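These protein sequences, in sequence, are chains D and V.
Heads up: the first sequence begins at 1 in UniProt numbering, then just goes up one per residue.
Heads up: the second sequence begins at 1 in UniProt numbering, then just goes up one per residue.
Number of protein chains: 2
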Amino acid sequence: MSDNNRLRDVFDAIADPTRRRLIRLLAETDEMPLHELTAPFNMGRTAVSKHLAILKEAGLVLDRKVGRETRFRLNAAPLREIQDWLAFYSRFWNTNLRRLNQLLEEEEK
Amino acid sequence: MSDNNRLRDVFDAIADPTRRRLIRLLAETDEMPLHELTAPFNMGRTAVSKHLAILKEAGLVLDRKVGRETRFRLNAAPLREIQDWLAFYSRFWNTNLRRLNQLLEEEEK
DNA sequence: TTGACACGACACCATTAGGTGTCTTATTAT
DNA sequence: ATAATAAGACACCTAATGGTGTCGTGTCAA
């Protein structure tokens, strides 16, 4: 039913800073070929291609061939899994914040 | 000022499923010694200890010695960095959702 | 005071991760 | 027709990761 045919853990996919930068780049344009995605980085095309492959395995990126180039586009949907995971813990820093505010109010009296 | 003296990337720290399970365990109790944290896992004490060290480097865990045991407690605050990161992208799946809803409404006419 | 326990500190090992460079093959421009 | 471009497919290398087992030491209980 859902996209459980993902080969790679989303948490794993976003762990690498280079991959997060790639996601950011793709968020700013609709679609981008590999060579353009490679340009901003200080590494070879092969390396960037591998990172994109990992993002693809996590379902975070889609690709299609157009002529001689392979264009990539972002698919942010799988990031929701992380949001869901975070939701469970958000109450922790929220309660902490609440307590901190209480303390600050006490002190200001 | 802030806790930028973190040795380890939070994204990296939560990438490992074992470490996410540890975080979950610590979320359910106030404080827990290493040997109790080790019990639920299918691996040795040393391995779990290493994972906890990584969580500690990321600021996600605090530890203190009590007698002969080392007790760990969760510090969820650094997870906020991930929430902030996600916030930027949430608009993507939100717009997708909006479009999907539009399509479904069209079909129901 | 003698064990048993909880743990840190190593040394060690296999696998994965993240790079590199080269070769080949489509595709496009001249 | 030819040359340049874009990229896949490999082979390869090094460092980091995620485990293991053992040894030594402080602490608690009998």
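Glycine is no exception: its CB is placed at the ideal position from the N, C-alpha and C atoms.
On a predicted model such as this, the values are computed, not experimentally measured, just so you know.
#1: Measure the CB-CB distance between residue 60 of chain D and residue 78 of chain D and report whether it falls below 7 Å.
#2: At which residues does the beta strand (DSSP E) containing residue 29 of chain V begin and terminate?
#3: For residue 20 of chain D, which of D:33, D:30 and D:48 has the nearest alpha-carbon?
#4: Between which residues of its own chain and residue 38 of chain V is the CB-CB distance below 7 Å, once the five residues before and five after are set aside?
#5: Please confirm if residue 6 of chain D has its CB atom under 7 Å from at least one CB of chain V.
#6: When you compare the CB of residue 60 of chain V with every CB in chain D, is at least one pair closer than 7 Å?
#7: What do you get for residue 51 of chain V, buried or exposed, if any count of 16 or more other CB atoms within 10 angstroms of its CB means buried?
#8: How close, in whole Å, do the beta carbons of residue 58 of chain D and residue 8 of chain D come, if the pair is a contact with beta carbons under 8 Å?
#9: Residue range of the beta strand (DSSP E) that residue 63 of chain D falls in?
#10: Thinking just about the alpha-carbon of each residue, which of V:92, V:66 and V:86 is nearest to the one in residue 31 of chain V?
#11: Taking a Cβ distance cut-off of 9 Å, strictly less, list which residues of the stretch 19-39 of chain D are near chain V, in chain order.
A quick look at the data gives this:
#1: yes
#2: Per DSSP, residue 29 of chain V belongs to no beta strand (DSSP E) and is neither H nor E.
#3: D:48
#4: 45 and 48
#5: no
#6: no
#7: Classification of residue 51 of chain V: buried, given that the 10 Å Cβ count is 16 or more.
#8: 4 Å
#9: Here the beta strand (DSSP E) through residue 63 of chain D covers 61-66.
#10: V:66
#11: 20, 23, 24 and 27
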